[in-house]
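Numbering (my numbering), first residue to last: 161 to 306.
Using N, Cα and C, we set each Cβ at its ideal position, and we do this for glycine too.
Just so it is clear, the structure is predicted and the values come from calculations on it, not from any experiment.
So the structure is just underneath, and the comments pick up after that.
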């Protein structure tokens, strides 16, 4: 990636962040995918959570963990603890695969199931887990894995 491209990406993230602070509802599937692609794609794995209120407005987009080129540590307890601290009603998990292939690993599926169990027990809704690849985003809900 060239320095100019990096500058454009940073500017796009800034514009998107300002837009979302004024319009905190992600109004369409494509808007969610665009947001995920811009905020999470990169050379190392990053794990974000969008915490939402009862009307699915974004309370916070939090980067909960940064990993390596092929792994990011995720602690379901911390994901859910933060949801409770923010008084969130729902969440969307987002992480990237720097390899470019958004196919979920067994660890991705297992971690998602653990978070889903905790959410269900505490009355939170886990809307989706989005995995961002190179130019492609994949939804675990769309794959019936959630």
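Is residue i close to chain B? Criterion is C-beta to C-beta, closer than 7 Å.
| i | result |
| --- | --- |
| residue 219 | Looking at the structure shown, chain B is missing, and only one protein chain is on hand. |
Beta carbon of residue i, beta carbon of residue j: below 7 Å?
| i | j | result |
| --- | --- | --- |
| residue 244 | residue 289 | no |
| residue 249 | residue 194 | no |
| residue 246 | residue 275 | no |
| residue 173 | residue 192 | no |
| residue 260 | residue 283 | no |
| residue 269 | residue 279 | no |
With a 10 Å radius around its C-beta and 16 neighbouring C-beta atoms as the bar for buried, classify residue i as buried or exposed.
| i | result |
| --- | --- |
| residue 239 | buried |
| residue 299 | buried |
| residue 223 | exposed |
| residue 258 | buried |
| residue 211 | buried |
| residue 272 | buried |
| residue 171 | exposed |
| residue 303 | exposed |
| residue 163 | exposed |
| residue 291 | buried |
Within the continuous alpha helix (DSSP H) that includes residue i, where are the two ends?
| i | result |
| --- | --- |
| residue 199 | 189-200 |
| residue 221 | No alpha helix (DSSP H) holds residue 221; the beta strand (DSSP E) holding it covers 218-226. |
| residue 268 | 266-282 |
Which residue from the options puts its Cα closest to that of residue i?
| i | options | result |
| --- | --- | --- |
| residue 200 | 221, 241, 268, 267 | 221 |
| residue 226 | 217, 242, 255, 198 | 255 |
| residue 228 | 241, 202, 216, 277 | 202 |
| residue 297 | 266, 251, 196, 241 | 196 |
| residue 264 | 277, 301, 187 | 301 |
For the beta strand (DSSP E) that residue i lies in, which residues bound it at each end?
| i | result |
| --- | --- |
| residue 297 | 297-299 |
| residue 240 | Note, residue 240: premise wrong, no beta strand (DSSP E); alpha helix (DSSP H) at 236-245. |
| residue 210 | 206-212 |
| residue 250 | 250-256 |
| residue 292 | 285-292 |
*Hey, is the stretch 202-219 in contact with the stretch 231-241, meaning 3+ C-beta pairs nearer than 8 Å?*
Counting Cβ pairs under 8 Å, three or more are found: they touch.
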